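Residue numbers (my numbering), protein chains in the order written: chain Z, 15 to 484; chain P, 15 to 484; chain G, 15 to 484; chain U, 15 to 484.
Below is one structure, written out as structure tokens; the observations come after it.
Number of protein chains: 4
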Amino acid sequence: MWHVPKIREACGVIGMCSPGSVSDYLYFGLRILQHRGQESAGISVFEDGKHTIVKGMGLVHQVMDKDRLGHLKSNKGIGHVRYSTFGVSALQNVQPFVVQTTHGEVSLGHNGEIINAEALRTDLKKKGWAFMTSSDSEIIVRLLANELSTHGDPVKAIKNLMGIIVGSYSLVVMIGDRVFGVRDPYAIRPLCLGRLNDGWAVASESVVFDNLDGEFVRDVEGGEIVEVACDGPKSWKYPSPKEKAHCMFEWVYFARPDSIIEGGLVYEVRKRIGSKLAKEHPVDADVVIPIPDSGRAHALGFSEVSGIPYREGLMKNRYVERTFIMPDQRERETGVMLKLNAIKSEVIDKKVVLLDDSIIRGTTMKQIVQILRKAGAKEIHVRIGSPPVTAPCYLGIDMKTRHQFVALNRTVEEIANVITADSIGYLSLNGLIECIGVGDNNLCIGCLTGEYPIPIEGERVRFQKKIDAF
Amino acid sequence: MWHVPKIREACGVIGMCSPGSVSDYLYFGLRILQHRGQESAGISVFEDGKHTIVKGMGLVHQVMDKDRLGHLKSNKGIGHVRYSTFGVSALQNVQPFVVQTTHGEVSLGHNGEIINAEALRTDLKKKGWAFMTSSDSEIIVRLLANELSTHGDPVKAIKNLMGIIVGSYSLVVMIGDRVFGVRDPYAIRPLCLGRLNDGWAVASESVVFDNLDGEFVRDVEGGEIVEVACDGPKSWKYPSPKEKAHCMFEWVYFARPDSIIEGGLVYEVRKRIGSKLAKEHPVDADVVIPIPDSGRAHALGFSEVSGIPYREGLMKNRYVERTFIMPDQRERETGVMLKLNAIKSEVIDKKVVLLDDSIIRGTTMKQIVQILRKAGAKEIHVRIGSPPVTAPCYLGIDMKTRHQFVALNRTVEEIANVITADSIGYLSLNGLIECIGVGDNNLCIGCLTGEYPIPIEGERVRFQKKIDAF
Amino acid sequence: MWHVPKIREACGVIGMCSPGSVSDYLYFGLRILQHRGQESAGISVFEDGKHTIVKGMGLVHQVMDKDRLGHLKSNKGIGHVRYSTFGVSALQNVQPFVVQTTHGEVSLGHNGEIINAEALRTDLKKKGWAFMTSSDSEIIVRLLANELSTHGDPVKAIKNLMGIIVGSYSLVVMIGDRVFGVRDPYAIRPLCLGRLNDGWAVASESVVFDNLDGEFVRDVEGGEIVEVACDGPKSWKYPSPKEKAHCMFEWVYFARPDSIIEGGLVYEVRKRIGSKLAKEHPVDADVVIPIPDSGRAHALGFSEVSGIPYREGLMKNRYVERTFIMPDQRERETGVMLKLNAIKSEVIDKKVVLLDDSIIRGTTMKQIVQILRKAGAKEIHVRIGSPPVTAPCYLGIDMKTRHQFVALNRTVEEIANVITADSIGYLSLNGLIECIGVGDNNLCIGCLTGEYPIPIEGERVRFQKKIDAF
Amino acid sequence: MWHVPKIREACGVIGMCSPGSVSDYLYFGLRILQHRGQESAGISVFEDGKHTIVKGMGLVHQVMDKDRLGHLKSNKGIGHVRYSTFGVSALQNVQPFVVQTTHGEVSLGHNGEIINAEALRTDLKKKGWAFMTSSDSEIIVRLLANELSTHGDPVKAIKNLMGIIVGSYSLVVMIGDRVFGVRDPYAIRPLCLGRLNDGWAVASESVVFDNLDGEFVRDVEGGEIVEVACDGPKSWKYPSPKEKAHCMFEWVYFARPDSIIEGGLVYEVRKRIGSKLAKEHPVDADVVIPIPDSGRAHALGFSEVSGIPYREGLMKNRYVERTFIMPDQRERETGVMLKLNAIKSEVIDKKVVLLDDSIIRGTTMKQIVQILRKAGAKEIHVRIGSPPVTAPCYLGIDMKTRHQFVALNRTVEEIANVITADSIGYLSLNGLIECIGVGDNNLCIGCLTGEYPIPIEGERVRFQKKIDAF
């Protein structure tokens with residue numbers, strides 16, 4: 015599976031307050047989070063009493079002229095990179111959104127997906143609201159602005175908003191000159207807090223702090239509203255269940271290996287998954303080969319436990335791969351062959367264990383198996399670092415239709431047949447839960463089980479979480 | 015004065031319904047109206063049950079790929095070209111605006127300016143409305159959507175909207191699959207009705223019908239709501255004063271000479287103005303020279319009455335001029351010298367009458383006088399086809415600050431001194447009214463007298479117009 | 015006929031030496047000459063001992079960033095705007111060309127056309143020369159470089175070059191840090207000398223000096239090599255015929271009306287032509303209407319002599335017209351209707367005299383006649399400010415094929431029929447010669463008579479000019 | 015060391031003849047060779063009797079519109095990607111070069127560097143040749159054209175060319191409709207022959223054949239001229255020494271790991287180098303960490319022999335990295351920190367062996383050592399897969415100045431100090447030679463020893479190779 019053309023991208027957010035200028039930090043922070051969304055990018059900073067926004071379609075460095083950003087003198091701001099999960103991909107949907115309210119401007123960036131968006135939209139239309147975009151984030155920002163105008167108090171407004179919207183959301187919000195990070199009560203999408211440039215920041219992943227010479231402090235909690243102020247973070251809590259529903263896919267695939275999510279270094283989780291796979295699905299083989307770059311940590315773990323040597327048997331053409339991030343159908347049609355090539359000497363006459371993080375449709379995996387086959391592999395045993403995906407995601411990953419899943423209504427033998435492998439072994443659900451290490455009752459595994467942490471029309475609820483008192 | 019870098023641009027609108035495809039007609043219609051706004055352009059068409067929009071910053075042919083437009087099969091649509099009069103010039107303000115309501119999508123394009131926009135914005139913010147743009151047209155479209163969701167009836171919604179907004183507005187509105195043209199009760203900005211491609215259309219100027227092989231039918235009346243349907247236009251009236259307030263600047267400068275506004279061919283009005291000037295401010299001279307291209311018709315009229323021969327004594331560099339439409343300050347600094355050059359043989363040792371339509375700041379006129387002086391003109395007598403501009407416009411022209419007007423608190427002798435001319439003669443107010451020919455009580459002459467047709471805070475009202483009964 | 019989409023564009027050149035920086039002057043000089051070529055633009059300046067070049071496809075202000083030009087500190091340089099007459103239009107053909115020789119770098123810009131280019135190319139290929147472009151200007155610059163390497167003396171090298179190449183050429187040449195203007199012995203294309211920024215310059219048209227606050231001094235003579243040095247121009251002469259062959263089309267159409275060519279102000283020549291037409295082809299009519307912008311001076315002259323009033327009966331859409339300069343076939347297909355519109359009041363029920371400078375294919379003229387007809391003109395009498403074009407140009411105008419000429423093998427009645435006019439009157443050849451005023455034997459009228467000033471294979475020579483002694 | 019911002023890029027070439035269309039194959043072939051040059055790209059195909067060229071600055075997919083390429087129906091063509099080693103990086107230097115000769119057009123793409131380019135240029139200038147570019151490839155193509163015009167015979171012309179130019183060159187040449195691959199007598203730069211699309215092709219690296227479903231056949235030999243014709247390759251030999259001088263850097267760094275050069279799979283050579291390093295410079299450590307992506311194969315080899323586990327302890331930000339290929343100095347200033355991040359769990363309190371292929375200036379390596387240090391590494395032992403680089407390359411790698419080399423005049427201890435490592439171990443020269451496996455006398459190791467295979471002014475020759483008889 016590819017890092018880039020995968021059909022499961024999300025968004026990345028950052029919010030910051032520092033004694034020095036924040037625009038460079040927002041710019042580089044978004045570049046570090048670029049793997050979370052390559053379709054559009056934007057920042058909003060508080061400057062001269064106003065929210066000034068720079069945004070557009072494309073990669074961060076294409077959208078923003080770093081030199082011009084230098085002229086944005088501001089101590090506060092938010093940023094967003096996006097890969098559409100909801101709302102047609104178009105200029106008008108590029109975040110952050112900025113709206114004008116009676117209590118000043120509100121800028122907002124959103125990672126996640128609102129389950130009751132359409133219901134809210136219908137209700138609000140009936141009240142005479144006219145929607146300017148197709149994004150569920152417009153609903154959020156306008157509801158927030160509406161609350162703000164009623165109460166005047168940013169924190170109360172955010173809390174009221176959290177009482178209305180249901181779903182996954184890691185938000186960065188700037189209200190006037192105050193910057194907040196907000197995470198949904200179930201803590202589905204990641205958000206963490208850290209120090210940056212002698213100030214404070216929230217960001218989707220801890221790697222932002224590592225890379226920018228800052229310091230990761232802790233995850234933002236589910237239901238937490240944290241204000242990043244220069245004199246230290248302030249925190250409020252919205253009543254939330256004790257048990258969370260972190261998206262398991264963040265560890266399995268989304269997040270960068272060098273990020274720490276809920277206490278787990280993603281790289282280590284993936285290595286543990288590889289080790290566990292070696293125990294659950296051992297195989298007599300000559301080499302362990304990862305699909306670059308997503309399967310490397312898994313393969314190292316598998317190799318360590320199995321004793322089968324790790325080899326770089328597939329070589330990537332980084333230049334071909336890169337164009338795949340453009341939403342340009344012509345390019346997508348180019349075959350996998352141009353992107354990957356086998357190292358014959360590591361493959362020929364060998365029994366190969368092939369590692370990757372997950373399988374959605376199976377089409378790419380089939381092509382890769384054939385590349386190895388053509389290079390002379392004797393046997394190919396696919397090992398996948400997660401259980402079969404068989405149900406849609408409604409909480410932020412763009413997998414909406416069931417019929418695309420290769421694992422739906424197929425036995426593992428049948429799946430192996432489809433992808434033309436000699437065998438396939440999926441990580442067990444228990445194995446996954448154990449490797450992630452936050453406990454069964456703190457994970458969203460809806461796409462694996464069809465049971466979701468939040469009631470969704472037409473789907474089963476896994477178990478209703480109890481809400482803490484205020 | 016220049017056609018292009020003038021500080022008084024407006025907007026152009028078009029709305030259309032035809033048995034054949036409208037997209038090409040909208041495209042060419044906007045190109046024909048391009049002189050009314052060069053900053054952004056856009057169209058919205060009804061296709062497959064949805065409003066599909068193409069818009070962006072730039073000239074019409076830069077924003078829209080005519081070939082791709084060909085794929086937009088639609089019988090209904092609206093279009094807009096814009097030069098910012100209100101709202102920062104930015105991508106998010108590009109029209110048409112499209113909003114989603116409980117009664118379908120609403121697209122809207124606006125030429126004009128809403129006087130009570132800020133008051134409405136403040137009120138609506140207090141009600142919790144969050145504004146996504148800085149444009150007063152967002153207020154219009156969202157109020158309209160709000161009314162629509164209450165009543166469900168497009169025409170009633172438009173009428174209710176007209177009861178809320180005050181100011182100048184020529185609107186093109188598409189509600190679901192119905193296309194309307196709306197003109198404010200005072201008929202301040204132009205809007206006319208005609209036949210196009212076997213269907214019907216409204217457009218800012220009649221020249222659209224001439225150029226596209228259609229047929230100009232009549233002006234839309236003040237307070238009229240006209241639906242352009244394929245089986246013929248339908249009309250409703252909002253209670254409106256009998257006496258109108260057409261912007262006199264449309265005849266003097268804005269509109270194309272080949273357009274007919276309120277029954278007056280603009281070219282003829284300008285020629286009459288030139289003739290009138292020859293009577294009001296006769297001068298002993300050798301040649302009549304227009305400032306190209308805006309002063310030509312005036313100069314022909316002056317020449318005809320005075321008997322002084324008309325000459326093309328100033329030559330334009332069309333290539334230099336063109337770059338001035340880009341909002342690029344560096345280019346604006348380039349002097350007039352690059353744009354205009356005197357034809358020495360027509361000027362040397364001659365007494366010159368120099369004709370233009372109006373003077374705002376006088377800086378350009380001063381440079382032109384000096385170009386003629388340098389080319390050897392013996393005397394230079396400036397004749398201006400409108401009275402001195404001494405007050406701001408609040409109804410659609412971007413002249414907001416009084417101190418910029420060269421004529422403010424200066425005698426004509428003092429003005430002649432400032433622009434280094436031997437004399438200057440402005441058309442009298444009565445002369446202007448007579449030349450336009452729609453009557454004193456049907457014109458807005460606020461920028462000439464400081465008395466406006468509509469009450470404006472801090473300004474005098476000219477005379478309150480009586481509203482007709484329903 | 016249009017100023018822009020005409021099929022007869024040329025090139026413009028400028029060369030300059032001044033105590034101050036020349037880059038701004040080259041930039042603005044080329045913008046002033048932009049009407050001579052809109053396809054590509056470039057400059058080469060002498061800086062830090064090297065020729066530094068900025069060039070590309072597009073208009074001057076698109077190709078060059080004026081701000082960056084400011085960093086080019088140089089006292090010497092040349093510039094070029096181009097509309098392809100020979101050589102496919104492509105990036106590699108953009109001038110100036112710069113080559114490295116044993117005596118330093120040579121930069122060259124060329125306006126004109128070399129008759130023996132193909133013969134030279136063939137000969138030189140046989141000698142083993144490999145040509146990097148399809149432009150005849152590469153032949154010139156490489157022959158010049160070849161001569162330079164043999165003799166070391168720039169002036170001698172230029173003279174030897176002039177002994178090899180045959181045709182029309184106005185060259186700007188920079189050899190090391192010396193800047194030269196060169197005009198072919200017959201002085202076919204224009205080139206003039208003047209003062210600029212306290213230095214000296216050569217340029218295609220005198221209007222450059224007018225517009226940039228310089229001073230036109232004189233035309234460069236046929237066969238003259240002039241060095242523009244800061245301490246004054248130096249001049250050498252290549253043996254040349256006393257009688258010249260100035261292209262008559264420069265006065266008729268190419269040059270700006272405010273330029274002076276061979277002592278004749280173009281505007282005045284065109285007015286005289288109009289007057290002459292009124293005598294040669296009088297007509298009983300109500301109005302004289304020019305085709306804007308090319309027919310205005312002609313129409314003024316016609317009006318003055320005939321007493322028939324001059325009117326602006328055709329209105330141009332400047333925004334539509336502009337896109338025609340892009341070599342984009344789709345745009346060209348757009349009809350004349352979008353570009354021109356009749357002013358009905360000046361046309362209806364009137365007998366119209368319609369003035370333009372020339373007719374090539376007649377297709378555009380036919381469309382314009384029909385626009386006037388549709389606007390109600392009673393009669394339309396076309397008057398053309400030059401004799402019928404019936405033969406190709408080999409000396410710099412892109413009219414190579416005979417069959418395109420509407421006047422070929424047709425009587426004037428037949429031509430009137432083709433363009434659907436009531437009558438057509440062409441200026442007589444003698445009339446043209448008289449109006450230009452440089453004498454029959456000093457003009458190239460090959461496209462009118464099929465007899466050329468220089469022997470051309472397959473064509474007749476008009477009369478062999480005698481060469482002066484050295 | 016980075017794959018991308020390294021200061022040692024080269025060029026890639028491809029030439030092809032097939033019964034089907036070649037344009038897609040050239041396009042994808044260049045994309046597969048993109049790692050050899052990212053600055054410009056171009057192809058030339060034989061179509062309708064002419065050489066049609068598409069080229070420009072940028073990556074292959076930016077320069078060429080794949081859809082439009084589809085319209086180029088041609089069975090023959092060549093392609094080139096370039097990273098400037100000689101000649102200022104500019105549009106005019108983009109290859110292939112196409113020239114017109116008396117025996118048809120000649121297109122040429124060149125990977126390598128001509129030692130006597132300046133001497134040839136000077137001589138040819140004296141003969142009156144004017145050079146249109148600063149590229150040594152212009153010298154090649156024009157000398158070739160010159161020979162061709164003398165002899166008419168393409169093969170003889172190429173042979174004569176080979177008698178004139180000295181240096182490294184892998185050429186693709188199209189003369190009329192014949193396509194040739196040419197490799198210098200010392201076989202310094204790679205070039206290989208294979209089957210493609212039922213036809214034949216030459217390309218810089220064998221991976222082109224793997225990726226495009228073709229078949230690698232053999233390397234082109236030093237001094238060989240091979241014509242790729244549809245009915246099979248034809249071969250001629252220029253007298254060449256038996257002993258070759260293959261650039262050792264191709265195996266060490268340039269070529270893709272999955273390419274086979276002179277019989278050695280690059281990946282295997284690198285793994286052998288890693289193994290050899292483990293023997294030459296053993297170290298007591300906890301983990302072996304590669305610098306991604308260039309050090310991976312080396313690290314796997316080191317791990318295998320040493321028994322120290324291989325770990326992915328450094329994580330790349332692929333999005334930051336990518337912008338580095340743009341020649342934009344601002345971007346280059348961005349620190350290594352943004353591109354690389356340590357995986358703390360693999361590094362903290364560990365003794366780390368850090369593997370990379372080579373060190374040039376040492377600045378990047380120092381930053382990486384510090385990233386690991388900051389992440390908690392106890393000891394850092396750098397192991398480099400090649401001997402110290404201490405001398406310039408004159409044969410195709412852009413390392414011209416000695417003072418940049420960190421290893422020059424420093425002991426290994428001093429180098430370790432500079433890069434702040436606990437130790438550094440370079441592969442021995444004998445070790446390198448052994449690992450590559452083509453023999454000491456078949457390698458160019460000039461940059462390691464200062465002794466070159468070809469006489470270069472001011473430098474020592476390693477040993478004069480004997481030339482075979484014809």
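Here a beta-carbon is modelled for each residue, glycine too, at the ideal position from N, C-alpha and C.
The structure displayed is predicted, hence computed values, not measured ones.
Under 9 Å by beta carbon: chain U residues contacting residue i
| i | result |
| --- | --- |
| Z/F223 | Residues of chain U passing the Cβ test: none, with the nearest at roughly 10 Å. |
Those residues which DSSP pairs with residue i across a bridge
| i | result |
| --- | --- |
| G/T506 | Because chain G here runs from 15 to 484, residue 506 of chain G falls outside it and cannot be looked at. |
| U/F60 | U/H65 |
| P/E465 | P/R474 |
| Z/V7 | Nothing about residue 7 of chain Z can be read from this structure; chain Z reaches only from 15 to 484. |
| G/D233 | G/C206 |
| P/E393 | P/K365 |
Cβ pair residue i, residue j closer than 7 Å
| i | j | result |
| --- | --- | --- |
| U/G213 | U/L205 | no |
| Z/A259 | Z/C461 | no |
| U/V27 | U/G123 | yes |
| P/V396 | P/V302 | no |
Distance between beta carbons of residue j and residue i, contact taken as under 8 Å
| i | j | result |
| --- | --- | --- |
| P/K64 | P/G56 | Not confirmed; about 16 Å, so no contact. |
Under 9 Å from the C-beta of residue i: neighbouring residues of chain P
| i | result |
| --- | --- |
| Z/M176 | Result: empty, since nearest Cβ-Cβ is about 17 Å, beyond 9 Å. |
Cross-chain neighbours of residue i in chain U, by beta carbon under 8 Å
| i | result |
| --- | --- |
| Z/V311 | Per the sequence presented here, residue 311 of chain Z reads as Ala, with Val not at that position. Here the neighbours are E326. |
| Z/R45 | N331, Y333, V334 and L352 |
7 Å Cβ cut-off: residues of chain P touching residue i
| i | result |
| --- | --- |
| G/E282 | S359 |
| Z/V113 | A144, F145 and M146 |
Chain-ordered chain G contacts of residue i [CB-CB under 8 Å]
| i | result |
| --- | --- |
| P/F230 | Ordered by position in chain G, no residue passes the 8 Å Cβ test against P/F230, which lies about 10 Å from the chain. |
Checklist entry - If we count Cβ pairs, one from each stretch, closer than 8 Å, do we get three or more for the segment 422-435 of chain G versus the segment 285-303 of chain G? => result The answer is no - the segment 285-303 of chain G does not touch the segment 422-435 of chain G, with fewer than three Cβ pairs under 8 Å.
Checklist entry - Okay, do the segment 247-256 of chain U and the segment 162-180 of chain U touch, 3+ Cβ pairs below 8 Å being the bar? => result yes
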